[in-house]
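Asker:
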Amino acid sequence: MSSSSAPPPKAVVDFVAAHSDAEVLDSGKVRCSTTGHECLPQLDVLRAHWEGKTYRKKAALVAYDFEQHAPYLVPHKQSKHLLYCTVTRQPVSRQPSAVEGHVNGKRFKRMLAEREAAQAKRNRRR
């Protein structure tokens with residue numbers, strides 16, 4: 001009665017082939033490598049997960065390049081869910097929208113300009 005001995009339906013195999021982050025496990029379930037979620041090998045269940053909010057948020061998080069803000073936003077020492085801004089000295093959520101909002105904000109831009117002006121002043125003295 002176990003479904004692990006039967007191969008998954010062709011529609012499921014095609015779905016897994018079309019998604020690079022999907023893999024069929026030995027148990028017959030399908031695992032999403034982005035979220036770690038395991039689904040039954042049923043097309044409607046797979047589509048529900050890959051079109052769902054959790055998957056979209058996690059995929060956007062994986063795809064976002066936080067290194068583009070590297071000198072100013074560094075990994076937080078205590079929380080893996082946060083970044084630390086060396087300009088404003090504030091923690092920033094590791095969500096792409098929060099990071100973009102922070103680096104495009106008035107306060108960040110003002111403090112960055114002040115920091116660069118002070119750095120240029122120090123360099124001129126040398």
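Numbering (our numbering), first residue to last: 1 to 126. From the three backbone atoms N, C-alpha and C, an ideal C-beta is built for every residue, glycine too.
1) Give me, in chain order, the residues of the same chain whose beta-carbon lies closer than 7 angstroms to that of Val87; leave out the 5 immediate sequence neighbours on both sides.
2) From this set, Lys58, Val99 and Val45, which residue's C-alpha is nearest Val74's C-alpha?
3) Can you list, in chain order, the residues of its chain with a C-beta nearer than 8 angstroms to that of Glu23? Leave out the 5 residues immediately preceding and following it.
4) Can you say whether Leu61 is buried or exposed, counting buried as having 16 or more other CB atoms within 10 angstroms of its CB?
5) Assuming contact is defined by CB atoms lying nearer than 9 angstroms, are Pro96 and Tyr55 in contact in what I supplied?
6) Is the beta carbon of Lys80 closer than 9 angstroms to that of Arg94?
Answerer: With the structure as the only source:
1) The answer, listed in chain order, is Tyr72, Phe108, Met111, Leu112 and Arg115.
2) Of the candidates Lys58, Val99 and Val45, the one whose C-alpha sits nearest the C-alpha of Val74 is Val99.
3) Excluding five sequence positions before and after Glu23, the CB atoms of its chain that fall closer than 8 angstroms to its own CB belong to Val16, Val30, Arg31 and Ser33, given in chain order.
4) Answer is exposed; the Cβ neighbour count stays below 16.
5) Going by beta carbons, Pro96 and Tyr55 fall outside the 9 angstroms limit.
6) Yes, the Cβ-Cβ distance between Arg94 and Lys80 is below 9 angstroms.
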